[in-house]
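The structure under discussion appears below in the form of structure tokens.
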Amino acid sequence: MDSLELLLQGFATAISPMNLLYALVGVTLGTAVGVLPGIGPAMAVALLLPVTFTLDPVSAFIMFAGIYYGGMYGGSTTSILLNTPGESASMMTALEGNKMARKGRGAQALATAALGSFVAGLIATAALAFAAPRIVDIALSFGPAEFFALMMLAFATVSAVLGGSLVRGLASLALGLTIGLIGIDSQTGQPRLTFGVAQLLNGVDVVIVAVGLFAVGEALWVASRLRQSGHGVIPVGRPWLNRSDLARSWKPWLRGTVLGFPLGSLPAGGSEIPTFLSYSLEKRLARRRKEFGHGAIEGVAGPEAANNASATGVLVPLLTLGLPTSATAAIILAAFQQYGLQPGPLLFDKDPVLVWGLIASMFIGNAMLLVLNLPLAPVWARVLKIPRPYLYAGIVLFAALGVYAVNAQLVDLVVLFVLGALGAVMRRFGVPLAPAVIGVILGPLAERQLRRALAISQGDYTVLVDSPISIGLLGVAALMLLVPVVGRFLRRRIDRGEQTGSQERAEAPAGEEP
Amino acid sequence: MNNEWLRGRAELGLAALVVLIGGLVLVNTATLETPATVNVVGPRVFPTVVGAVLLGIGVWLGIDVLRGGHGEPDAGEDVDLSRPSDWRAVASVGAAFFTHVALLRITGWLIAGAVLFWGVAVALGARRWLRAAGVAIVLSTVVYLVFSHLLGVSLPAGVFEGVL
């Protein structure tokens with residue numbers, strides 16, 4: 001069957017009244033939670049996971065698609081109205097968007113963000129529907145060694161790209177891999193790192209790790225350095241665009257989409273790079289370049305489209321290869337596992353109703369977001385005014401609720417708090433969180449593929465570099481790790497003898513260069 | 001070594017923690033038995049690699065810090081990086097959390113949840129305690145009813161067993 005036919009079947013699944021309702025609830029909840037300051041899409045998805053626990057898989061994932069896009073959109077609202085990006089992907093949006101809002105053009109900023117996300121979401125989802133079956137065809141020829149190499153590449157890229165410092169990214173990844181080790185070894189039944197605690201034998205659920213690092217970690221970190229001054233939320237009317245705004249927006253939307261989708265599909269760590277590239281591209285192309293830095297609408301339109309397109313692109317490796325390349329994708333993978341489903345090439349074969357229903361509901365979710373968010377923007381703006389003590393109390397409350405709902409075990413709550421403390425420490429020292437979450441979920445999968453590959457080769461480690469695909473993937477992975485190190489070494493040699501004051505500054509964005 | 005020197009390098013503690021965890025992983029892995037049925041790769045290979053990587057990265061991080069590298073603390077809308085750490089607030093959040101854990105099975109989720117919300121809100125500077133308590137009770141009641149009745153997630157009913 002060709003993908004169009006399958007997609008139409010997917011629509012048939014998604015358009016049932018009940019599933020439409022789930023999509024609507026998902027979009028609304030996702031936006032409402034995503035709008036909350038301090039909550040990025042990853043945390044929104046993790047916190048809302050328990051809501052879907054009792055649904056059947058198809059409905060749950062339809063709701064999930066809504067939550068995913070809603071959380072993303074909510075994040076951009078926050079960064080425009082509050083100048084406080086919940087996560088790095090909205091950083092570029094905040095740059096121009098908040099300036100626009102300060103000049104009284106907040107409504108236009110929100111409108112171009114909403115419409116741009118919609119356009120990008122539609123195009124990117126169509127591209128996903130087209131590309132996924134083809135990638136699945138290729139992936140079906142992958143053996144364990146290729147999958148292992150692919151995972152090594154994902155590890156290398158998320159550590160090198162996310163956050164500013166390679167060693168801190170790697171530290172985060174290694175901590176995640178360690179958490180992933182906890183529990184009974186699935187092949188031999190040996191308990192690893194459980195230290196005699198029976199409840200740890202099943203391992204630490206990824207949901208607990210994500211909620212702990214993101215939600216509880218954020219609450220503890222904020223508690224330690226709470227800002228006492230008030231917050232300047234900019235009031236906003238109903239979003240709209242006039243003809244000239246539209247004329248300035250549509251090209252950046254399309255360019256952002258073209259940048260965002262392919263870069264998001266690569267195992268290269270989500271939307272940080274595409275939004276950054278889109279911003280600098282728009283700045284270069286803009287006719288009124290002087291407006292950049294003072295609220296240029298192109299600087300919102302492009303990055304927002306790139307952000308949404310890359311968020312959709314991230315689903316390509318997730319669905320076709322089972323490879324999460326962002327923290328949010330890792331949590332979605334965990335959601336799949338809750339239902340005993342393993343995303344990857346086989347899922348398209350085994351469960352086409354689910355996969356295509358999910359893809360169809362991404363179209364629907366995007367449309368719903370637009371309908372919902374244009375009129376509701378003033379309401380979301382009011383959400384931003386929640387007093388901070390209540391906001392973080394609510395976050396901790398839902399974190400505890402969600403984690404207890406997973407297994408109904410008190411030990412999980414203790415683990416949650418320990419991970420929260422770790423998350424706060426990581427925030428304090430600029431250690432990115434996403435590599436840890438990806439390490440937790442991908443570590444056990446990587447180990448399984450490694451052992452499978454070595455079992456087939458009877459212990460011969462050269463099997464790992466036996467095919468051109470594995471060699472290529474591992475080569476790129478090595479490059480990802482070496483480039484920042486070598487680059488810094490060269491820069492240090494150049495800087496030697498000169499004033500080194502600018503060196504620290506130059507090192508901070510090093511991850512964005514390769 | 002004076003205090004000033006140490007303060008700028010608190011990150012060394014993190015490096016030490018990474019090294020410590022690495023050691024822990026290696027020691028724990030060494031105690032694992034490889035069952036005779038496993039002919040090729042046992043349960044020890046992967047953890048050994050992870051442990052070694054942790055050790056290496058911990059040392060690397062330590063060297064990086066000693067050479068003056070430091071991670072940028074996570075900025076955020078509600079975070080004021082110019083302030084010193086407020087350990088009292090952090091400890092109060094912890095106290096509220098563990099009170100919640102202790103109460104959960106005894107009083108049920110509704111009361112334990114309200115206590116958690118109230119405790120964290122007060123720890124984070126909510127001045128009107130009574131109002132915070134009101135918000136806490138209303139919120140936790142609504143959440144409890146929605147999750148246990150509407151969504152079918154089972155939460156301990158505790159003292160409200162059979163009532164709500």
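Chains as they are written, first to last, in full-length UniProt numbering: chain A, 1 to 514; chain B, 1 to 164.
Cβ atoms here follow ideal geometry from the backbone N, Cα and C, with glycine treated the same way.
Simplified DSSP state of residue i, which is helix, strand or coil
{"i": "E512(A)", "result": "With a pLDDT of 38 at E512(A), under the threshold of 50, the predicted position of this residue should be treated as unreliable, and no value is reported."}
{"i": "I386(A)", "result": "coil"}
{"i": "P73(B)", "result": "coil"}
{"i": "P267(A)", "result": "coil"}
{"i": "V161(A)", "result": "helix"}
{"i": "A377(A)", "result": "helix"}
{"i": "P41(A)", "result": "helix"}
{"i": "R44(B)", "result": "coil"}
{"i": "R287(A)", "result": "coil"}
{"i": "R428(A)", "result": "helix"}
{"i": "E504(A)", "result": "Residue placement at E504(A) is poorly supported in this model, since its pLDDT is 43, which falls under 50; the coordinates still yield a value, given next. Reduced to three states, the DSSP call for E504(A) is helix."}
{"i": "W221(A)", "result": "helix"}
{"i": "D460(A)", "result": "coil"}
{"i": "L155(B)", "result": "coil"}
{"i": "L241(A)", "result": "coil"}
{"i": "Q409(A)", "result": "coil"}
{"i": "S467(A)", "result": "coil"}
{"i": "S85(B)", "result": "coil"}
Boundaries of the alpha helix (DSSP H) in which residue i is found, first to last residue
{"i": "P345(A)", "result": "P345 to K350"}
{"i": "T29(B)", "result": "E11 to A30"}
{"i": "D185(A)", "result": "Per DSSP, D185(A) belongs to no alpha helix (DSSP H) and is neither H nor E."}
{"i": "Q449(A)", "result": "A434 to I456"}
{"i": "K99(A)", "result": "M91 to M100"}
{"i": "V119(A)", "result": "G106 to A139"}
{"i": "S59(A)", "result": "P57 to L82"}
{"i": "G299(A)", "result": "E298 to L321"}
{"i": "Y144(B)", "result": "W129 to L145"}
{"i": "F117(B)", "result": "W109 to A123"}
{"i": "A210(A)", "result": "V206 to A210"}
{"i": "F336(A)", "result": "A327 to Q338"}
{"i": "P50(A)", "result": "No alpha helix (DSSP H) contains P50(A), which DSSP labels as neither H nor E."}
{"i": "G30(A)", "result": "P17 to V35"}
{"i": "L7(A)", "result": "S3 to A14"}
Cross-chain neighbours of residue i in chain B, by beta carbon under 8 angstroms
{"i": "G394(A)", "result": "F117 and L139"}
{"i": "T328(A)", "result": "Within chain B, no residue comes near T328(A); the closest Cβ sits about 18 angstroms away, beyond 8 angstroms."}
{"i": "R192(A)", "result": "N28, T29, L32, P43 and P47"}
{"i": "G430(A)", "result": "H70, G71, E72, P73 and D74"}
{"i": "L181(A)", "result": "V25, F46, P47 and V50"}
Under 7 angstroms by beta carbon: chain B residues contacting residue i
{"i": "F489(A)", "result": "What F489(A) touches in chain B: nothing, since even the nearest Cβ is about 13 angstroms away."}
{"i": "D185(A)", "result": "P43"}
{"i": "Q9(A)", "result": "Near Q9(A) there are no residues of chain B at all, since even the closest Cβ is about 29 angstroms away, more than 7 angstroms."}
{"i": "L177(A)", "result": "V50"}
Residues that residue i bridges to, as DSSP identifies them
{"i": "L226(A)", "result": "V79(B)"}
{"i": "P191(A)", "result": "I184(A)"}
Chain-ordered neighbours of residue i on chain A, where CB pairs are closer than 7 angstroms
{"i": "A121(B)", "result": "P389, Y390 and A393"}
Contact set between residue i and chain A, taken where Cβ atoms lie within less than 9 angstroms
{"i": "F147(B)", "result": "P50, V51, L401 and A405"}
{"i": "V19(B)", "result": "Residues of chain A passing the Cβ test: none, with the nearest at roughly 11 angstroms."}
{"i": "G108(B)", "result": "The contacting residues do not exist; G108(B) stays about 12 angstroms from chain A at best."}
Within chain A, partners of residue i - CB distance below 8 angstroms
{"i": "E161(B)", "result": "The premise fails here: E161(B) is roughly 16 angstroms from chain A at the closest Cβ pair, so nothing lies under 8 angstroms."}
{"i": "G113(B)", "result": "L397, A400 and L401"}
{"i": "residue 215(B)", "result": "The structure shown does not extend to residue 215(B), since chain B is modelled only from 1 to 164, so the question has no answer here."}
{"i": "V135(B)", "result": "Y390"}
{"i": "L104(B)", "result": "Y404, L410 and L413"}
Partner residues on chain B for residue i, Cβ-Cβ distance less than 9 angstroms
{"i": "A408(A)", "result": "S154, L155 and P156"}
{"i": "Q228(A)", "result": "D80, R83 and G125"}
{"i": "A171(A)", "result": "L14, A15, V18, L54, I57, G58, W60 and L61"}
{"i": "G313(A)", "result": "What G313(A) touches in chain B: nothing, since even the nearest Cβ is about 26 angstroms away."}
{"i": "G164(A)", "result": "G71 and E72"}
Near the ligand HEM: residue i beta-carbon under 7 angstroms from a heavy atom
{"i": "P47(B)", "result": "Absent from the structure shown: the ligand HEM. Ligands present: none."}
Problem - Within 7 angstroms of chain B by C-beta, residues of the stretch 435-457 of chain A in sequence order - result: E447, L450, R451, L454 and A455
Exercise for the section: Taking a Cβ distance cut-off of 7 angstroms, strictly less, list which residues of the stretch 43-63 of chain B are near chain A, in chain order. Expected result: P43, F46, P47, V50, V53, L54, I57, W60 and L61
Problem - Contact set between the stretch 77-91 of chain B and chain A, restricted to residues whose Cβ is under 8 angstroms from the partner - result: E77, D78, V79, D80, L81, R83, S85, D86, W87, A89 and V90
Practice task
With 7 angstroms as the C-beta to C-beta threshold (strictly closer), list the residues of the stretch 256-285 of chain A near chain B in chain order.
Solution key: none
Problem - Interface positions of the stretch 30-62 of chain A facing chain B (Cβ-Cβ less than 7 angstroms), listed along the chain - result: P37, G38, P50, V51, F53 and T54
Problem - Interface positions of the stretch 146-158 of chain A facing chain B (Cβ-Cβ less than 9 angstroms), listed along the chain - result: none
Problem - Selection of the stretch 467-491 of chain A by Cβ proximity to chain B, strictly under 9 angstroms - result: none
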